[in-house]
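So for the sequence shown, numbering that gives the first Met the number 0 puts the first residue at 0; every next one is plus one. Virtual Cβ for every residue (Gly too), placed ideally from N, Cα, C. Notes follow the structure.
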Amino acid sequence: MSNPSASPGIHHVTCVAGDPQQNMDFWVEVLGLRLVKRSINQDDPGTYHFFFADAAGTPGTSMTFFPWSDLPDGKVGSGQVATTAFRVPAGSLDRWEARFDSYETAYQPRTERFGQAVLPFEDPDGLPLELVEANIDTADPTVPWTAFVSEEMAIRGFHSVTLWLADPDPTGELLGAMGFEERGTERSGSDPRTRYSAPGPVGAHVDLLPRIEASRQGHGTVHHVAFQTPTDSDQETMRHRVRQRGLQPTPQIDRHWFRSVYFREHGGVLFELATNGPGYDSDEPAESLGERLVLPGPFGERRAEVESNLPEVSIPTAEADGRVADGD
Ligand code: ZN
């Protein structure tokens, strides 16, 4: 039973990438996520839409990308998700640093935040990312994907997103209305970071940082963050609540693997509410997720044309790769 008064946490995060092959190689091979859906941007069918997630495509685990090669590099700034953080098992950051060394992926010094170890790094497009050590118990809803990394280090869905906002207060109030509770404020450098937490355990945290800095959408930036509203009725309740706060949510839009409502929150960040179903395995078998290009709705009848407008990409497979599948 879901509680319509609270979102359980983040559902997915969607970003802008550059070269699709570079994006695929990093997220599947280096970070070890599973490609659970290979589709197209439904508003721009000449562009891919990649979904990287845990083994089961569990809500709260999918990082999705539009590789828009033509766009310039973006700039992270106010009114954006500035950083996206993922959960990894406690004690695994040594392995991750070794893995990043072997792939020549740069990372920054570890830091500690709200009692957890954090490893900041970037993807090849410069997208700011973090791995956060979390206690992941046997009842965890996520399922590790171990094609490229061992279970001891596998990413287990989102930990948090950090929003940069000119004025964090209205966004904090909105998060409260969405069921996130204010957890406290920590100083990182000179910035007070205020954490809001949902029931979780996956994607449970949203951190707000006051920042006034120009932003530009482009490679290496987040396009939007989606929050879980497990059922249609949860979503309608939340949509109503968002409207009551003077925001302008869209009607429900069918995204085939979930149903979505979008709105811009007070600080300018694009938020989405997404249902848990039907799920990534609703239109292809769970064991072969992502292997073929999935064309939802009317695009399916134009497969040859759509495919001819997309660049070729190959999906890394553990068998084809000679490297050790672990960081150490
Ligand atoms: Zn979305």
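With respect to the alpha helix (DSSP H) encompassing residue i, which residues constitute its N-terminal and C-terminal limits?
{"i": "M23", "result": "19-23"}
Cα separation between residue i and residue j?
{"i": "R302", "j": "V27", "result": "25 Å"}
{"i": "F64", "j": "V312", "result": "14 Å"}
{"i": "I252", "j": "D93", "result": "42 Å"}
{"i": "R186", "j": "T193", "result": "9 Å"}
{"i": "D282", "j": "G175", "result": "35 Å"}
{"i": "I135", "j": "S189", "result": "31 Å"}
{"i": "P191", "j": "P127", "result": "19 Å"}
{"i": "F113", "j": "E306", "result": "46 Å"}
{"i": "Q234", "j": "F262", "result": "13 Å"}
{"i": "A16", "j": "P44", "result": "16 Å"}
{"i": "I154", "j": "T57", "result": "12 Å"}
Run the CB neighbour count on residue i, radius 10 Å, all protein chains shown included, and call it buried at 16 or more, exposed below.
{"i": "G285", "result": "A small fix is needed here, since residue 285 is Ala in this sequence, not Gly. Its Cβ having fewer than 16 others within 10 Å, A285 is exposed."}
{"i": "N308", "result": "exposed"}
{"i": "D72", "result": "exposed"}
{"i": "D69", "result": "exposed"}
{"i": "D53", "result": "buried"}
{"i": "S4", "result": "exposed"}
{"i": "I39", "result": "buried"}
{"i": "D327", "result": "Confidence in D327 is poor, its pLDDT being 46 and thus under 50, which makes the residue's placement unreliable; the coordinate value appears in the next sentence. With fewer than 16 other Cβ atoms within 10 Å, it is exposed."}
{"i": "T132", "result": "Before going on, a small fix: residue 132 reads as Glu here, not Thr. By the neighbour-count rule (16 or more Cβ atoms within 10 Å), E132 is buried."}
{"i": "T184", "result": "exposed"}
Provide the residue span of the beta strand (DSSP E) that contains residue i, from first to last.
{"i": "A225", "result": "220-227"}
{"i": "H48", "result": "43-52"}
Quick check: does the Cβ of residue i come within less than 7 Å of any heavy atom belonging to the ligand ZN?
{"i": "E264", "result": "no"}
{"i": "E271", "result": "yes"}
{"i": "T13", "result": "yes"}
{"i": "H255", "result": "no"}
{"i": "A16", "result": "no"}
{"i": "S232", "result": "no"}
Which residue's Cα is closest to the Cα of residue i: the options?
{"i": "A225", "options": "P71, D72, Q79, D139", "result": "Q79"}
{"i": "G266", "options": "L32, H218, G245", "result": "G245"}
{"i": "T46", "options": "P119, L292, L162", "result": "L292"}
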